[in-house]
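Quick note on the working numbering: the sequence shown kicks off at 14 and runs consecutively.
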Amino acid sequence: MPKINESIINFAVYENSTEYYGMAEVTLPEISSLTEEVKGAGISGTFESVILGHLEAMTLTLNFRTLVKDAVALLEPRDHQIDLRVAQQGKDTVSGQTTVTSVKHVMVVKPKKLNPGKVAPASPAEASMEFSATYWATFIDGKKTLEIDILNFIYFVNGKDYLADVRKALGK
């Protein structure tokens, strides 16, 4: 079925799959690989070698319209499991029908920073929080497409765990 991806219809955020946190928007972590510059005999210059499955620190940002009790609770200095459940809209180009795709992001995060925002009449506070993420899995229509587990040497993309051989070599 040829499909055009159009937009995000809406989303919801949960902690430990039970408590809802209403908010304005979420900025997902950037996935940026660690690299090492390679130079030496037999090559005519330098290049960046991408280190298999090793990433720079990942940061999740939650943006709240106002400072709420739920946001403050996320400051507890512990691991929080955050589930982002997203409904994405598309269009089937053959039938012309609108489609809905389910996307779920599951993250294990620890609070880094709270910006309580501003206080002004008739305006949002624009509060925000940043979290260090050590785990991230993404499911599209119920199928796991991405799993990054920094602490357990997992780098899974589209059905393949690229760190399986590394874990084996390390005796893990």
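Cβ coordinates follow ideal geometry from the N, Cα and C atoms, glycine included.
Remember, predicted model here, so these are calculated numbers, not experimental data.
C-alpha gap between residue i and residue j, whole angstroms
i	j	result
Ala84	Asn29	15 Å
His118	Ser57	43 Å
Val121	Gln94	5 Å
Pro15	Ala138	42 Å
Gly103	Ser136	33 Å
Ser46	Ala25	29 Å
Lys126	Asn76	12 Å
Gly44	Val116	Residue identity differs from the one stated: residue 44 is Ile in this sequence, not Gly. Distance between the alpha carbons of Ile44 and Val116: 18 Å.
Pro124	Glu69	17 Å
Cβ shell of residue i (< 6 Å), same chain only, five flanking positions each side left out
i	result
Phe60	Val51
Pro42	Met71, Thr72, Leu73 and Ala146
Ile163	Thr147
Member of the options whose CA lies at the smallest distance from the CA of residue i
i	options	result
Ala86	Ile161, Lys173, Gly66 and Tyr27	Tyr27
Ala37	Ala54, Asn23, Thr72 and Arg78	Arg78
Ile17	Asp105, Ile44 and Leu47	Asp105
Ile153	Lys181, Gly109, Leu97 and Val39	Leu97
Lys185	Phe166, Val99, Val170 and Ser20	Phe166
Where residue i falls: helix, strand or coil (DSSP)
i	result
Ile44	coil
Val132	coil
Asp92	coil
Lys181	helix
Ile163	helix
Asp154	coil
Glu121	First, the amino acid is wrong: residue 121 is Val here, not Glu. Reduced to three states, the DSSP call for Val121 is strand.
Val85	helix
Gly109	coil
Ala140	strand
Asn171	coil
Leu80	coil
Exposure label - residue i; buried when at least 16 CB within 10 Å
i	result
Pro134	exposed
Leu176	buried
Thr151	buried
Ala54	exposed
Ile161	buried
Ala140	buried
Gly66	buried
Pro90	exposed
Leu80	buried
Leu88	exposed
Neighbourhood of residue i by C-beta distance below 8 Å, restricted to the same chain and skipping five residues each side
i	result
Glu49	Glu61, Ser62 and Ile64
Contacting residues, own chain, Cβ-Cβ under 7 Å from residue i (five flanking each side not counted)
i	result
Asn128	Ala140 and Ser141
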